[in-house]
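S.K.:
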Amino acid sequence: MIGVPGLDVFQRFEGIVADAVAALVADGTVPADAANAAIVLEPPRDPSHGDLATNAAMALAKAARTNPRELATRIAMGLARHPDIATAEVAGPGFINLKLQPTVWQAEISAILAAGADYGRGDDRHEALPVNVEYVSANPTGPMHMGHCRGAVVGDALASLLAFAGHDVVREYYVNDAGGQVDVLARSAHLRYREALGEDIGDVPEGLYPGDYLKPVGELLAAEFGPAHVGRPEGEWLALFRTRAVDAMMDMIRADLALLGIVHDVFSSEAALQAAGAPAAAEAELRARDLVYEGTLPPPKGETPDDWEPVELPLFRSTRYGDDIDRPIRKSDGSWTYFGNDMAYHAEKARRSSALVNIWGADHAGTVKRIEAAVEALTNGSVKLDVKLVQMVRLFRGGEPVKMSKRSGNFVTLADVVEEVGRDVVRFMMLTKRPEAPLDFDFADVVQQSRENPVFYVHYAHARISSVLRKAAGLDLPTTAPLDRLDDEELGLARLAAQWPRVVRQAAAAREPHRVAFYLADLAGAFHTLWNRGNDDPAQRLLVESDPGVTAARLQLATAVAQVIRTALGVMGVTAAEELR
RNA sequence: GCGUCCGUAGCUCAGCUGGAUAGAGCAUCCGCCUUCUAAGCGGAAUGUCGCAGGUUCGAGUCCUGCCGGACGCACCA
Numbered sequence: 142m143i144g145v146p147g148l149d150v151f152q153r154f155e156g157i158v159a160d161a162v163a164a165l166v167a168d169g170t171v172p173a174d175a176a177n178a179a180i181v182l183e184p185p186r187d188p189s190h191g192d193l194a195t196n197a198a199m200a201l202a203k204a205a206r207t208n209p210r211e212l213a214t215r216i217a218m219g220l221a222r223h224p225d226i227a228t229a230e231v232a233g234p235g236f237i238n239l240k241l242q243p244t245v246w247q248a249e250i251s252a253i254l255a256a257g258a259d260y261g262r263g264d265d266r267h268e269a270l271p272v273n274v275e276y277v278s279a280n281p282t283g284p285m286h287m288g289h290c291r292g293a294v295v296g297d298a299l300a301s302l303l304a305f306a307g308h309d310v311v312r313e314y315y316v317n318d319a320g321g322q323v324d325v326l327a328r329s330a331h332l333r334y335r336e337a338l339g340e341d342i343g344d345v346p347e348g349l350y351p352g353d354y355l356k357p358v359g360e361l362l363a364a365e366f367g368p369a370h371v372g373r374p375e376g377e378w379l380a381l382f383r384t385r386a387v388d389a390m391m392d393m394i395r396a397d398l399a400l401l402g403i404v405h406d407v408f409s410s411e412a413a414l415q416a417a418g419a420p421a422a423a424e425a426e427l428r429a430r431d432l433v434y435e436g437t438l439p440p441p442k443g444e445t446p447d448d449w450e451p452v453e454l455p456l457f458r459s460t461r462y463g464d465d466i467d468r469p470i471r472k473s474d475g476s477w478t479y480f481g482n483d484m485a486y487h488a489e490k491a492r493r494s495s496a497l498v499n500i501w502g503a504d505h506a507g508t509v510k511r512i513e514a515a516v517e518a519l520t521n522g523s524v525k526l527d528v529k530l531v532q533m534v535r536l537f538r539g540g541e542p543v544k545m546s547k548r549s550g551n552f553v554t555l556a557d558v559v560e561e562v563g564r565d566v567v568r569f570m571m572l573t574k575r576p577e578a579p580l581d582f583d584f585a586d587v588v589q590q591s592r593e594n595p596v597f598y599v600h601y602a603h604a605r606i607s608s609v610l611r612k613a614a615g616l617d618l619p620t621t622a623p624l625d626r627l628d629d630e631e632l633g634l635a636r637l638a639a640q641w642p643r644v645v646r647q648a649a650a651a652r653e654p655h656r657v658a659f660y661l662a663d664l665a666g667a668f669h670t671l672w673n674r675g676n677d678d679p680a681q682r683l684l685v686e687s688d689p690g691v692t693a694a695r696l697q698l699a700t701a702v703a704q705v706i707r708t709a710l711g712v713m714g715v716t717a718a719e720e721l722r
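Counted the way our numbering counts, the first sequence spans residues 142 to 722.
#1: If you follow the alpha helix (DSSP H) that proline 420 is in, where does it begin and where does it stop?
#2: Quick check on tyrosine 315: does DSSP put it in helix, strand or coil?
#3: Expressed to the nearest angstrom, what Euclidean distance is found between the alpha-carbon atoms of threonine 670 and arginine 492?
#4: Tell me the rounded alpha-carbon separation between isoleucine 470 and glycine 320.
#5: Under DSSP, the alpha helix (DSSP H) around arginine 385 begins and ends at which residues?
#6: Would you report the Cα separation of glutamate 653 and aspartate 527, rounded to the nearest angstrom?
#7: To the nearest angstrom, how far is it from the Cα of threonine 554 to the Cα of aspartate 397?
#8: Quick check: alanine 697 and alanine 622, are their CB atoms within less than 7 Å of each other?
#9: Using a Cβ-Cβ cut-off of 8 Å (strictly less than) and excluding sequence neighbours within five positions of leucine 254, which residues of its own chain qualify?
#10: Hey, quick one: how far does the alpha helix (DSSP H) through glutamate 411 stretch, first residue to last?
#11: Under 7 Å, do proline 284 and tyrosine 354 count as touching if we go by C-beta distance?
#12: Compare the Cα-Cα distances from arginine 222 to each of Ala602, Thr207, Val599 and Ile157 and report the closest residue.
#13: Using three-state DSSP, classify glycine 154 as helix, strand or coil.
#14: With DSSP run on the structure shown, which of helix, strand or coil describes phenylalanine 582?
#15: Could you tell me how far apart the beta carbons of glutamate 411 and tyrosine 486 are, in whole angstroms, since I believe they sit closer than 8 Å?
#16: In terms of alpha-carbon separation, which member of Glu426, Asp474 and Leu270 lies closest to aspartate 309?
#17: I'd like the ranges of any alpha helix (DSSP H) spanning at least 4 consecutive residues and lying wholly in the stretch 576–653.
#18: When burial is assigned at 16 or more other CB atoms within 10 Å of the CB, is glutamine 640 buried or exposed?
#19: Using beta-carbon positions only, say whether lysine 449 and proline 440 come within less than 7 Å of one another.
#20: Who are the near neighbours of tryptophan 246 in its chain, counting only those whose CB is closer than 6 Å to its CB and skipping five residues on each side?
#21: Measuring only the C-alpha atoms, how far is histidine 600 from valine 371?
#22: Going by C-alpha distance, which of Ala717, Phe668 and Leu381 is nearest arginine 695?
#23: Leaving out the 5 sequence neighbours to the left and right, which residues in its chain are closer than 7 Å to valine 543 when beta-carbon positions are compared?
#24: Helix, strand or coil for phenylalanine 668, going by three-state DSSP, please let me know.
#25: Between Gly475, Glu275 and Ala364, which has its C-alpha nearest threonine 409's C-alpha?
#26: Considering only their Cβ atoms, is the gap separating valine 311 from valine 407 smaller than 7 Å?
#27: Quick one: is methionine 199 buried, meaning 16 or more other Cβ sit within 10 Å of its Cβ, or exposed?
#28: Check whether the Cβ atoms of serine 301 and valine 712 lie closer than 7 Å to each other.
#29: Tell me, please, whether the stretch 679–687 touches the stretch 606–616 by the rule of three or more beta-carbon pairs shorter than 8 Å.
#30: Using only the alpha-carbon positions, how far apart do phenylalanine 659 and valine 644 sit?
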């Protein structure tokens, strides 16, 4: 039996290498405490080096007090005896290159088909509590625009990736419904409310939200309350209008997110947390440990404002945890700062999570240290917070920048973009670059049907396979496909497909969902290359009517590739196309 | 001034937590397509990995210092 259930090719051979190392420990060649050295088994960059390569000898040579090539020779001799290993050769400074038997890759095709959509699914479920991924968390003051889009997709894909890798995952949205801008929202809604009751409000005053999206909110409020809140002092209606307006905005945001297929599990309210006394409790705990004190902030560096005055405030000693200055948790009027609430929120979140991941816009980079400091202090280091910063998306149309003006409310909304190019394109494109680098998004490019558009290229591969399988449905093929009829290039494609479980593990460990997109582009490219062999030589096509055996084998390979493409796209939240139009 | 991120082929970007001769697409050059699988295909050429030190068997990757760019820098959110 070649396959071991639950383990992919790489894990199996990691075990085999570990066994070979253990044998050297047993006979005294390698000291026991060196056996946990950083031994890596990976596919070599250069395929001519074989299927797998390990640095085991180089990693162990120092402890074994021999030279790497000598040690590599001994390890390779042991490995070469394994029935699944065709050759084990020492190369370069002490690499061991393994060429596996073709049966290994043939068996992996069968393993992919047997596992189906579960191929590559991990079993990392060893934490007692879920991993919490907080993303989007846009202020509930308006519709989603493109500025939110990238973080939304990256966060959602990361959550899916972690779930597929075997973690329990909670997708969370932090609703900033307690700050001053929510008051602005409430006043803006009140204005629209008066408008809905027939008043001529003229231009929306400076400092209020001008967008038309508040008109329906005003109408709802008018229908519900009639004129009861007209001409009354703000104190009488502000809290009510705040609640109603936030609810309406969150409904709108949820609807926008649904267009991308994003659904959060938990919405945490800043106001509710504050009302429940969470920040006060966090402050009390920190004060008891002398981590909050009354102090004065230094004037801001750079350009010091003219009206700067030193004020004594309760400060959290974030400098103890690597921050540059200590941070105020309450304002001089005694109310909570954003950070004061946020630290309490993260403490609460940490109590129900094994790890925290935040997806933030890069404009919040300056606040990362303080919140990491707070989490470390309030959890005594037991829960790690990993803040992923996502850079901006620059919009273009045929190479020309799309103009946006936030002040006039003239921004490109998420809904507009999804309507124009489609959800799959948006989601895929947001993952075609490392999140920490700015991304250019061109409306013209992303719908182009050509090699250089990765969305199209991946979809096209899947559609080609689907098309061939439809065509093959009427053929009389052997029930057991002779996978030994596949040649080296075909097995090379199988080898790439077999890397999917490893991609999942590594992308999840690094928390980098974009790696899935790059892997898919590679896999699709390899498939297209194979497909194109049939242009010159019909005998190399997937369907060879005169040869049912080889046809069956190639169709199994193609089916396996399509399965991996579907699964990987699924992790990205993208549907696989059966055909292109 | 300080912090975070970025700097890799002409362009757009990967680079698997330190591995071998640094990769892909586009553009360029050469060759192929009277569509049974060309919304193209095959091949070639392309590098001071921003600069300079350091760490070690080994650095695009880690550390330090510079240079250039983006973002941020009050009790805002």
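From the three backbone atoms N, C-alpha and C, an ideal C-beta is built for every residue, glycine too.
M.R.: From the atom records:
#1: 419–429
#2: strand
#3: 50 Å
#4: 14 Å
#5: 375–400
#6: 12 Å
#7: 9 Å
#8: Residue identity differs from the one stated: residue 697 is glutamine in this sequence, not alanine. Cβ distance < 7 Å, so glutamine 697 and alanine 622 count as in contact.
#9: Gln697, Thr700, Ala701 and Gln704
#10: 411–416
#11: yes
#12: Ile157
#13: Correcting the residue identity first, residue 154 is phenylalanine in this sequence and not glycine. The answer is helix: DSSP assigns phenylalanine 154 an H, G or I state.
#14: strand
#15: 7 Å
#16: Leu270
#17: 595–613, 629–638 and 641–651
#18: buried
#19: The amino acid at residue 449 is misidentified as lysine; the sequence shows tryptophan. Yes. Within cutoff.
#20: Leu632, Ala635 and Arg636
#21: 56 Å
#22: Phe668
#23: Leu536, Phe537 and Val553
#24: helix
#25: For the record, residue 409 in the displayed sequence is serine; it is not threonine. Cα-wise, what sits closest to serine 409 is Glu275.
#26: yes
#27: buried
#28: yes
#29: yes
#30: 10 Å
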